[in-house]
Structures are given as C-alpha cells and as structure tokens.
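In the working numbering, each number is its position in the sequence shown, counted from 1, plus 11.
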Amino acid sequence: MKNKRVEKLIRDLSADYFVFAPQKLGADLAPGYEYGISEVKDINNIDWSGRVPYGNWKEVLLPHHERLFDLKNGELIKAKANSPLIACLGMNILDLKALTLFEQVFANDVYYQERRRNLLIIGYSTGLPNDYKKNKVFSHNYKEDILEHVVFDIFITSQSNGKIALYSGSEKGQKILEKYGLGDYQHIEFSGPVAESGPDKRMASIAKKMENSFNHPVWDDLNKRCIACSKCTIACPTCFCFDLEDRNDPADKSRSRKWSSCFNSDFTLIAGGQDDLDTVKKKIFFWYFHKFVRIPKEYSLPGCVGCNRCTLACPVGIDINKTIQSLMK
Ligand code: SF4
Ligand code: SF4
Numbered sequence: 012m013k014n015k016r017v018e019k020l021i022r023d024l025s026a027d028y029f030v031f032a033p034q035k036l037g038a039d040l041a042p043g044y045e046y047g048i049s050e051v052k053d054i055n056n057i058d059w060s061g062r063v064p065y066g067n068w069k070e071v072l073l074p075h076h077e078r079l080f081d082l083k084n085g086e087l088i089k090a091k092a093n094s095p096l097i098a099c100l101g102m103n104i105l106d107l108k109a110l111t112l113f114e115q116v117f118a119n120d121v122y123y124q125e126r127r128r129n130l131l132i133i134g135y136s137t138g139l140p141n142d143y144k145k146n147k148v149f150s151h152n153y154k155e156d157i158l159e160h161v162v163f164d165i166f167i168t169s170q171s172n173g174k175i176a177l178y179s180g181s182e183k184g185q186k187i188l189e190k191y192g193l194g195d196y197q198h199i200e201f202s203g204p205v206a207e208s209g210p211d212k213r214m215a216s217i218a219k220k221m222e223n224s225f226n227h228p229v230w231d232d233l234n235k236r237c238i239a240c241s242k243c244t245i246a247c248p249t250c251f252c253f254d255l256e257d258r259n260d261p262a263d264k265s266r267s268r269k270w271s272s273c274f275n276s277d278f279t280l281i282a283g284g285q286d287d288l289d290t291v292k293k294k295i296f297f298w299y300f301h302k303f304v305r306i307p308k309e310y311s312l313p314g315c316v317g318c319n320r321c322t323l324a325c326p327v328g329i330d331i332n333k334t335i336q337s338l339m340k
C-alpha cells in the first residue's frame, strides 16, 4: 500500500517501537506458508493484501519460554520482565478477535499484562465488513460494529478509492495519532468483547451439538487420521496452554512456563501415571471441546476465530471446517 499517512506513521513509530508486521518470509516456502510476522526492516516488504499470514501474533503476546521467578536464599524473586516496546502493525480482524480472547484469559496474569502494556496494537482491513467471508468456521458475520468489540489502539482500513481511514480504539492510540500529527481519525469506544445482541448464535449451536458428541463418528474418523503431532495447536492464535517447568539446580532454581499442547503425550499425565487423554480420539475431541464448548461457556466468546491456520498446518489434511460441517449434519 502506497499511502503517505501510513508511511509517516510507520516511520515515526520506528523511532519509539520495534515494528512487527505480516511480511513475505521467503519465496522458496510452500504456498500458504510464505507469510509470517516479523520485524519490519523495509516498509516495502509489509504485506497489505489482508490475507491471514501463516505465522501468528502469539509469538509476541506469549513467548515460547518465559521465566517467571527465581528462588534465591529461600525467597521467590520475580524474573525481570522482558517487554520491549513493540508495535503490532497490520493485525487482521481474526487476529484481533484472538487477541481479545487472550485479554480475557490473561486478565489477571501479571506477566502477560506487563508485556501487553508495552504493545501497541494496530489493526488493518482491506474493507470491512467483507473480510474473510470464506473463513466460515465460526463467526463469519462481521457487522459494521465489529470494531466496537475487538481490542486495538489504532485501526487502518484501505478503501477502494485508494484512500485510507484511521480509527483510534484507546487513549493510547489517540495519543500516538495526535503525537504524529495524524489528527484526522474517528474514535471507536470499546464496548466489551460480546456484541449487544448477545453471544454468537452459530457458536451456541455448535457448542450444543458438540457437548455430548464423543460417540459421533466424526471423532472415530479423526482418531484414525490424526497423528497427534500438535502442529495445529502451535499454529493456532487462540491456543494458549503451557507447561510449568521447575529447575532445582544449585546454579538455577527457577520456574518457567513454556508452550505446550493437549496433543503432547505428557500434557495431562498426573502423579501415579493417570492420564485422562490417553487416546488420540480423546485428545482431538478435547481440543475441539476446549475451543467450541469450554471457552464459549467461560467467556461467551468463540475459542476459534476461523483463521484456518490449523488446517494449513495439519500434515494429514484434517480440515476444521469439514469437521464442524460433519458434526453439524
Ligand atoms: S481455525 Fe484453527 S487455527 Fe484458526 S482459530 Fe480456529 S482452531 Fe485455531
Ligand atoms: S496437526 Fe493434524 S495430525 Fe497434528 S495434532 Fe493437529 S489435527 Fe492431529
């Protein structure tokens, strides 16, 4: 996108923030995998197409491995936060929905909140509300008021006449736009993650169908095909499960957390060798159940934003759209 206001915004931001954005990572990567999130070194490399990049923002929001605290002389000392100023530029609506879910899940997590305070969220769309009509896994009816229900600081939409529209979604976003002389914007007040009309109806119908569906043939079919590799959970922007790792070496007594997956063999293993997810069928059912039943029950939000990254990641071709379609038949 060639737009002087956006270019100025990125140039000005670069003085204060590390700027990350969707970019083409390599021409030699397989189709679908070429686009990821990385630090912007050249603004011409930013991908403004609006496509969902394979890589996702979870890497910025939740590090793979995070030291929580050290044990020194019998005292717990909180690890020093590693939270640089990062501008997350070009987050699409689906990823903003995933972020909005993270904001609920990690509302009381001091480590997440510390990092989050230093992030500037800049959403982007090539034209609301028509984005991602083909991503029909879950919530696909983006209405005009979608921006009132997702978290962002600044939002950019490119319009068919080549112009852009700027929105602020927070005081921080307003201050940045004013500071950089981009006063021509509209402010959108966040009115909570759930629309006034109530939770998503399609979400409710899938939850109802899935809740007691363990004996449905769809799970037997996935049981035969899934190899429990966990690639889908790594690719998914709403998967947030982690393991706690305690070290008790003389030189390193500490607790860390690191990404994990319900497909990992030891994920639900407890003392005495009890493992409630001891078959692939139970694991894959659990994964879907978490997204489509448990998260909606707890947060009134979908646990799946319909980005299709898991489908792209799956080495045996399991397609979340088809799974949901089969279940809903
Ligand atoms: S489509 Fe797949 S990767 Fe995307 S949010 Fe849903 S479960 Fe996660
Ligand atoms: S990526 Fe596919 S095969 Fe691997 S755990 Fe997920 S559903 Fe199973």
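Glycine included, every Cβ here is placed at the ideal spot set by N, Cα and C.
- prompt: Of all the options Glu125, Val327, Ala206, Gly134, which has the alpha carbon lying nearest to the alpha carbon of Asp106?
  reply: Among Glu125, Val327, Ala206, Gly134, the Cα nearest to that of Asp106 belongs to Gly134.
message: Rounding to the nearest angstrom, what Cα-Cα distance links Asn56 and Lys83 in this structure?
response: One alpha carbon belongs to Asn56, the other to Lys83, and they sit about 46 Å apart.
- prompt: Do Ile97 and Leu233 have their C-beta atoms closer together than 9 Å?
  reply: No; because the gap between Cβ atoms is not below 9 Å, this pair is not in contact.
field: Terminal residues of the beta strand (DSSP E) in which Cys99 lies
entry: It spans 97 to 102 - the beta strand (DSSP E) in which Cys99 sits, taken as one unbroken run.
message: Please report the distance separating the alpha-carbon of Ile167 from that of Trp59.
response: Answer to the nearest angstrom: the Cα atoms are 11 Å apart.
Coarse secondary structure for Ile132, derived from DSSP in three states: In the structure shown, Ile132 sits in a strand (DSSP, three-state: E or B).
- prompt: If you draw a straight line from the C-alpha of Phe201 to the C-alpha of Ser271, how long is it?
  reply: Cα atoms of Phe201 and Ser271: separation of roughly 32 Å, rounded to the nearest angstrom.
task: When you get a sec, list the residues whose CB is within less than 6 Å of any heavy atom of ligand 1, chain order please.
output: Cβ-based neighbours of ligand 1 within the cut-off: Val148, Ala246, Cys247, Pro248, Thr249, Lys302, Cys315, Val316, Gly317, Cys318, Asn319, Arg320, Cys321, Ile331.
- request: Report the three-state DSSP secondary structure of Phe253 (helix, strand or coil).
  value: Three-state DSSP puts Phe253 in a strand.
query: With respect to the beta strand (DSSP E) encompassing Pro33, which residues constitute its N-terminal and C-terminal limits?
result: Boundaries of the beta strand (DSSP E) harbouring Pro33: 29 to 35, taken from the DSSP string.
- prompt: Can you check whether the CB of Pro33 is closer than 9 Å to the CB of Pro64?
  reply: Pro33 sits close to Pro64, with the two beta carbons spaced by under 9 Å.
- request: Just confirm the distance between the C-beta atoms of Tyr11 and Gln115, as a whole number of angstroms; I'd bet it's less than 8 Å.
  value: In the structure as shown, the chain begins at 12 and stops at 340. Residue 11 is therefore absent and cannot be evaluated.
- prompt: Under the rule that 16 or more other beta-carbon atoms within 10 Å means buried, what is Pro95, buried or exposed?
  reply: It is exposed - the Cβ of Pro95 has fewer than 16 other Cβ atoms within 10 Å.
- prompt: Under 9 Å between the Cβ atoms of Cys273 and Lys294?
  reply: Contact flag set, yes.
field: Endpoints, alpha helix (DSSP H) assigned at Leu72
entry: Residues 69 to 72.
field: First through last residue of the alpha helix (DSSP H) which encompasses Leu312
entry: Following the DSSP letters along the chain, one finds Leu312 in no alpha helix (DSSP H), marked with neither H nor E.
Distance, Gly66 Cα to Phe102 Cα: One detail in the question is off: residue 102 reads as Met in this sequence, not Phe. Straight across, the Cα-Cα distance linking Met102 with Gly66 is about 12 Å.
query: Taking contact to mean at least 3 C-beta pairs separated by less than 8 Å, is the region 204 to 219 in contact with the region 298 to 316?
result: Short answer: they touch.
Neighbourhood of Ile275 by C-beta, 7 Å cutoff - its chain only, sequence neighbours within 5 removed: The identity of residue 275 in the sequence shown is Asn, whereas the question assumes Ile. Correct list, in chain order: Ser241.
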